[in-house]
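Student: Residue numbers (the UniProt record's numbering), protein chains in the order written: chain A, 1 to 257; chain B, 1 to 221. Where is the CB? At the ideal position from N, CA and C, for every residue including glycine. Keep in mind that this is a model prediction, so the values were computed, not measured.
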Amino acid sequence: MSPSNPAASLLAVAGLHKSFGANQVLKGIDFTVHAGEVVALIGPSGSGKTTALRCLNGLEIPDAGTVAFAGGPEVSFSAGFKPKKAQILRQRSAMVFQGHHLFPHLSVLQNVTVGPLEVQKRPRAEVMEQATALLARVGLADKAQAYPNSLSGGQQQRVGIVRALMLKPDLLLFDEPTSALDPELVGEVLVVIKELAQEGWSMVLVTHELAFARDVADTVVFMDGGVVVETGPASQVLAAPQNPRTQAFVQRLLHPF
Amino acid sequence: MDSNWQLFLDSLWPLAQAAITASIPLAVISFAIGLAVALLMALMRISGSRVLSSIARVYISIIRGTPLLVQLFVIFYGMPSLGLTIDPWPSAIIVFSLNTGGYCAEILRAAILSVPAGQWEAGYTVGMSRTRTLYRIILPQAARVAVPPLSNSFISLVKDTSLASIILVGEMFRKAQEITAVTFEFMLLYCTAAGIYWVICLLLSALQNSLEGRLEKYVAK
Chain A
1 MSPSNPAASL LAVAGLHKSF GANQVLKGID FTVHAGEVVA LIGPSGSGKT TALRCLNGLE
61 IPDAGTVAFA GGPEVSFSAG FKPKKAQILR QRSAMVFQGH HLFPHLSVLQ NVTVGPLEVQ
121 KRPRAEVMEQ ATALLARVGL ADKAQAYPNS LSGGQQQRVG IVRALMLKPD LLLFDEPTSA
181 LDPELVGEVL VVIKELAQEG WSMVLVTHEL AFARDVADTV VFMDGGVVVE TGPASQVLAA
241 PQNPRTQAFV QRLLHPF
Chain B
1 MDSNWQLFLD SLWPLAQAAI TASIPLAVIS FAIGLAVALL MALMRISGSR VLSSIARVYI
61 SIIRGTPLLV QLFVIFYGMP SLGLTIDPWP SAIIVFSLNT GGYCAEILRA AILSVPAGQW
121 EAGYTVGMSR TRTLYRIILP QAARVAVPPL SNSFISLVKD TSLASIILVG EMFRKAQEIT
181 AVTFEFMLLY CTAAGIYWVI CLLLSALQNS LEGRLEKYVA K
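1. For a contact defined as C-beta to C-beta under 7 Å, what are the partners of G80 (chain A) on chain B?
2. Answer yes or no: does any C-beta atom of chain A fall closer than 8 Å to that of Y124 (chain B)?
3. Rounding to the nearest angstrom, what Cα-Cα distance links residue 238 (chain B) and I138 (chain B) in this structure?
4. Taking the runs of the beta strand (DSSP E) that are 3 residues or longer, which of them lie wholly in the stretch 78 to 102 of chain A?
5. How long is the line joining the alpha carbons of A19 (chain B) and R214 (chain B), rounded to whole angstroms?
6. How about L102 (chain A) and A131 (chain A): do their beta carbons lie closer than 8 Å?
7. Would V221 (chain A) pass as a contact of T231 (chain A) if the rule is Cβ separation under 8 Å?
8. Using a Cβ-Cβ cutoff of 7 Å, what residues of the stretch 64 to 93 of chain B are near chain A? List them in chain order.
9. Considering only residues of the same chain and omitting the five flanking positions on each side of E106 (chain B), which have a CB-CB separation below 7 Å?
10. Among B:T192, B:C104, B:L35, which residue has its Cα nearest to the Cα of W5 (chain B)?
11. Is the stretch 81 to 99 of chain A touching the stretch 176 to 183 of chain A, taking contact as three or more C-beta pairs under 8 Å?
12. Opposite P233 (chain A) in the DSSP bridges: which residues?
13. Mind listing which residues of the stretch 91 to 111 of chain A have their C-beta closer than 7 Å to chain B's C-betas, in chain order?
14. Please name the residue in A:N243, A:M223, A:D218 whose C-alpha comes closest to that of A35 (chain A).
15. Distance, Cα to Cα, M187 (chain B) vs P25 (chain B)?
16. Listed in chain order, which residues of the stretch 163 to 184 of chain A have Cβ atoms closer than 7 Å to some Cβ of chain B?
17. Based on the DSSP secondary-structure assignment, which residues constitute the bridge partners of E74 (chain A)?
18. Chain A partners of Q119 (chain B), CB-CB under 8 Å?
19. How about the stretch 65 to 77 of chain A and the stretch 8 to 15 of chain A: do they share at least three Cβ pairs that are nearer than 8 Å?
20. Who are the near neighbours of R109 (chain B) in its chain, counting only those whose CB is closer than 7 Å to its CB and skipping five residues on each side?
21. Could you check the C-alpha separation between H105 (chain A) and K49 (chain A) for me, to the nearest Å?
22. Are the beta-carbon atoms of residue 258 (chain A) and S78 (chain A) separated by less than 8 Å?
23. Could you say which of A:P183, A:A213, A:E184 lies nearest to A197 (chain A) if we only look at CA atoms?
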């Protein structure tokens with residue numbers, strides 16, 4: 001579990017490059033995540049923040065760069081890299097998707113336990129106990145036997161978060177976890193994420209919710225055009241950005257009209 | 001009229017017996033093997049390997065581009081000239097299986113591709129390998145999509161087993177022909193056989209409906 005010495009580095013990302021055909025999406029991304037730190041990746045659409053996040057979980061294979069967890073694994077990408085070798089990154093991190101991607105043919109309980117039981121092969125009793133506790137935590141104790149289709153968007157996303165937590169990752173990855181939700185359902189998901197942050201979970205969060213980033217994140221990484229433009233404490237980057245591109249972006253989101 | 005009625009009653013059981021002991025087993029066995037072939041071909045098609053994909057594509061093209069009757073003749077009457085004589089039953093099973101494999105490969109491929117890419121990624125992120133994600137996450141969802149077209153294929157196959165009469169398999173239609181050879185009551189016997197095929201297909205349609213209902217919850221909404 002993640003709560004630990006806040007000074008220790010957990011993840012170092014260096015020199016990530018990624019192109020889709022002629023479109024160069026990442027042009028050398030560097031950032032670090034310390035244990036217990038919440039890092040928000042922000043930036044305009046197409047800035048590469050989601051691609052960068054997906055690289056951390058091996059869902060996207062960068063053309064170059066390294067993703068290194070303290071204590072391993074450390075994965076160096078280069079041309080001809082076998083995607084299978086990025087699988088080991090998933091031992092340390094777990095992803096919460098924008099569109100939740102729950103398994104529709106499995107019950108809520110099966111959704112959150114399939115990884116621990118069938119992949120991690122942990123004892124059934126322990127896994128069930130953990131699942132019951134986590135589902136109760138996010139207010140879904142009575143939905144364990146329900147199927148995802150019968151849940152609201154906010155409930156589905158909370159199950160998605162539990163599914164990630166069940167894997168006991170050291171780092172949680174959130175890819176715009178509230179962007180696909182109806183506005184009135186955003187709050188219930190953000191509350192859960194905020195509680196996790198306060199508990200000391202390490203996380204990298206791609207988000208458009210600047211107010212939330214300011215509230216929850218320790219560090220903000222502002223990306224634009226495939227590069228990191230500005231990095232710093234959340235309060236500083238969002239309240240008094242130094243770089244003109246960051247300033248323009250923050251202005252635009254805070255005052256859209 | 002009375003003698004016709006009597007003949008109908010007398011022939012009903014031999015025909016039904018041939019359906020139960022030959023036509024239906026032939027269809028079921030061939031379909032089971034054919035589905036395995038189809039799954040293999042579908043996976044080869046989406047494997048990303050150009051060689052495997054091409055092999056599957058050529059196979060599917062040959063199966064779909066040639067008549068079933070001709071395929072039966074090639075295996076049963078043609079192979080002996082190459083020194084390989086295959087009995088009627090194995091010949092029929094080989095041909096019907098390969099034929100089902102070719103037709104159902106495209107059904108399964110489309111069904112697998114219809115499952116959103118996010119389901120693969122969700123499988124990966126809970127730690128599953130590609131293979132485990134395929135059978136644990138993707139195929140159950142693809143199955144629901146594939147049931148209606150696969151049911152169609154199976155119903156077609158049940159009726160197509162009548163072609164095996166031409167390569168001497170003692171299935172229901174051959175039984176009907178044997179009875180007409182003695183009685184010359186063509187209309188009566190062939191209509192009785194047609195009626196039995198129809199009843200079997202009605203039962204299969206009912207089975208399809210209940211299967212679709214049971215798989216309903218597997219669909220992502």
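Tutor: Quick look at the numbers:
1. Within chain B, no residue comes near G80 (chain A); the closest Cβ sits about 15 Å away, beyond 7 Å.
2. yes
3. This structure cannot speak to residue 238 (chain B), because chain B is shown only from 1 to 221.
4. Entirely contained in the stretch 78 to 102 of chain A, the beta strand (DSSP E) runs reaching 3 residues are, in chain order, 93 to 96.
5. About 28 Å.
6. No.
7. yes
8. none
9. I60
10. B:T192
11. yes
12. A:T219
13. A94, M95, F97, G99, H101, F103, P104, H105
14. Of the listed residues, the one whose Cα sits closest to A35 (chain A) is A:D218.
15. 26 Å
16. R163, L167
17. A:A68
18. H101, F103
19. yes
20. Beyond the five residues adjoining it in sequence on each side, R109 (chain B) comes within less than 7 Å, by CB distance, of A42, R45, I46 in the same chain, given in chain order.
21. 31 Å
22. Residue 258 (chain A) is absent from the structure shown; chain A starts at 1 and stops at 257.
23. A:A213
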